[in-house]
Structure formats: C-alpha cells, structure tokens
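Protein chains: 2
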Amino acid sequence: MASRLRKAGLRPTRQRLALSSLLFGQGDRHVTAEALHCEAQAAGIELSLATVYNTLHQFTGAGMLRQVTVGGDKAYFDTNTGDHHHFYVDAEQRLIDIPGEKVEVLGLPTPPAGSEVERVDVIVRIKSR
Amino acid sequence: MASRLRKAGLRPTRQRLALSSLLFGQGDRHVTAEALHCEAQAAGIELSLATVYNTLHQFTGAGMLRQVTVGGDKAYFDTNTGDHHHFYVDAEQRLIDIPGEKVEVLGLPTPPAGSEVERVDVIVRIKSR
DNA sequence: CAATACCTTAGAATGATTCTAAACTGAGAA
DNA sequence: TTCTCAGTTTAGAATCATTCTAAGGTATTG
C-alpha cells in the first residue's frame, strides 16, 4: 500500500494510508468527500475534512481515482479508473458502474480543430417506475 | 411569447418575458444563471439574481430548458431540449452541441429492476492538443 | 540526530445556489 | 375601474460543498 503511494510521489502518511485502505480495501466504490470523512471517523481514524479533500485530489491526480460528475451538489470519486460508464439513480444520489467493454458510442463527430477527445462519459439517468 | 408562458402555467411577467427573449430569441444557447443575469443587466433589464435562478428552474420544469451537468462549479441551462449530446471544452468551460440523430449508444445493460431510463447523457470532454 | 521539504489542520473564506419574509403585480371578480 | 389574492419578485441572509491560509507536525535524507 505504501509502495503504491511512493510510486505516485506521495509520502505514505498515516492519513493517506488509512484512506487508501478504506478506498481500495474493498471492491469498486463511489465516495464523496464528506462520506469518506465520516467513514474514517467511524473507523477511529482522526483526520480533517480538508485532508480528505486534499487526498482525494492527489489520488485523482495520480490516476488512482476518477472524479465523476453527475450534477448533484457533491463530487463523486470512483475507485474504478478503467473504461466504464454509470447509471445514476437520481432519487438516491447513487452511482452504479456500467462495464465499458459492452458499451459502444457510435457516430460522434470529430472534435473541433486543434482539440482532441480526453474522455467520453455516458451517464444513464434512471428513476424508479 | 406570453402564450408560451401561459401554456406552461407561468404568468407572463416583465422579468419572465425579458429572460424568454434573451434565451429563445437567438439560436440554441448554453447559459449559467450568473451569465444570464449579467446579460439582462447589460440589456437594461432590472431583475435580481434570485429571479434568474427561479426562472431558469421554472422553465426547466416546464420543459423549455434542460439542465446540463458537466462538473464545473456552475450549472448550465440549454435551450435545446431535443435529443442531443455535448462536447465540453474544459479549458474554456464551454459546451458545444452534438446533434442526437447521428449518435448511437449501444450495449447498455438494462437498468436495475423497478427502474427505467430517464435520459442518456453523453459528454465528450475535449482539450486542446 | 538535524535539516528540510512535504503534510495536516482548524478555522476562515469563497462562491454558487437557496431561503425568507416582505413588497409587488397580473388577472379575474365585482 | 377598482378590489382582491394567489402568484411573483427581491434584497439580503443563510447554506453548503469546497478551497484557502498560515501555523504546527512528520517523513526522509544525509
């Protein structure tokens, strides 16, 4: 775990190690800063909300997380950085992964001259019937 | 213009008429509340920012606008409510429409039991090369 | 162990958006 | 026309996620 941080140029501090294990110790997760902070506190880890924000951004910069934007008021961080998309359950403000291999987006125009595609996000907004 | 508002169950007030003409008087537009407010002021229309927010939401509720979420800190409102997608130019925080007819999203899994698809948003994030 | 560059943090600051409560106004009734 | 009232507007306060500041810790290297 520490080596993973070192490889990213980040010192393996107590706080970063703790957040790493919360984030990457289980399967794929979608967390908000606030939620992760609560979870850490509940696990007996003392750290400030600012540190959670810092860490999430540093991990994102290092490619260990991806930020997902769905439009609620909060930002989500996804531990799955591979090619995939999302269902978004509006009523519960919850994200569900959609594996990327199966999905294909056809017919996109070429981007404006001088620019290139960085990423294609597909968000399927769903509501209960 | 007034009839359009009446049809939506909204009184055609001075403020709503003015914002309507700014929004729908030209081609398709992507605006933020702040930007629309500035534009109105520049056009000599006195109204409060709160009214701009109220109006944008009412128009959205009436299906005259669609809210687009790209993840900056502001919300965008799109006068094009038809089937289409977006390029998002991160560096300029600017949206560009992608006509919907050409684009096809294949292979999406069926949504979780009891829920149904409300909308599929495709956002192509582009950066300058 | 000492030096130092990197980290963490409490609390303040920011900025978009929403809320509140009071004043205003369109539209139908009288 | 005037009255009435539900629907509107609004200034300013309040909220809330997020970022900033500056002061105090802590890995790491020599």
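If you read the sequences in order, they're chains B and L. The numbering of the first sequence is the working numbering, which starts it at 233 and goes up by one. The numbering of the second sequence is the working numbering, which starts it at 233 and goes up by one. Glycine residues also receive a C-beta, built at the ideal position from the N, C-alpha and C atoms. These numbers come from a predicted model, not from an experiment.
On a Cα-Cα basis, can you pick out the residue from B/256, B/324, B/345, B/320 that is closest to residue 350 of chain L? B/320
Pick helix, strand or coil for residue 280 of chain B, following the three-state DSSP scheme. coil
Does the Cβ-Cβ distance between residue 262 of chain B and residue 300 of chain B come in under 9 Å? yes
Is there a C-beta anywhere in chain B that falls below 9 Å from the one on residue 268 of chain L? no
Proximity to residue 329 of chain B [Cα-Cα], best of B/235, B/342, B/345, B/357: B/357
Are residue 336 of chain B and residue 295 of chain L touching if we call contact CB-CB under 9 Å? no
Kindly list, in the order they appear in chain L, the residues whose Cβ is closer than 7 Å to that of residue 346 of chain B. 360, 361
Out of L/235, L/288, L/243, which has the shortest C-alpha to C-alpha gap to residue 307 of chain L? L/288
Please compile the residues from chain B whose C-beta is within a distance smaller than 8 Å of the C-beta of residue 350 of chain L. 322, 357, 358, 359
Go ahead and pull the three-state DSSP assignment for residue 322 of chain L. helix
May I have the straight-line CA-CA distance separating residue 343 of chain L from residue 355 of chain B, to the nearest angstrom? 12 Å
How many angstroms separate the CA atom of residue 322 of chain B from the CA atom of residue 359 of chain B? 6 Å
Counting only runs of 3+ residues fully inside the stretch 309–355 of chain L, write out the beta strand (DSSP E) ranges in chain order. 316–321, 326–331, 336–338
Looking at the structure shown, is residue 290 of chain L part of a helix, part of a strand, or coil, going by DSSP? helix
Tell me, please, which residues DSSP counts as bridged to residue 357 of chain L. B/351, L/320
So residue 254 of chain L and residue 265 of chain L are in contact, right, with Cβ under 8 Å, and what is the actual spacing, rounded? No, residue 254 of chain L and residue 265 of chain L are not in contact; Cβ-Cβ is about 12 Å, not under 8 Å.
Between which two residues does the alpha helix (DSSP H) harbouring residue 298 of chain B extend? It is not in any alpha helix (DSSP H) - residue 298 of chain B instead sits in the beta strand (DSSP E) that spans 298–300.
Which residues, in order along the stretch 281–314 of chain L, keep a beta-carbon less than 9 Å from a beta-carbon of chain B? 299, 300, 301, 302, 303, 304, 307
Residue(s) in a DSSP beta bridge with residue 262 of chain B: B/310
Does DSSP classify residue 274 of chain B as helix, strand or coil? helix
Using the rule of at least 16 other Cβ atoms within 10 Å of the residue's Cβ for burial, across every protein chain shown, is residue 315 of chain B buried or exposed? exposed
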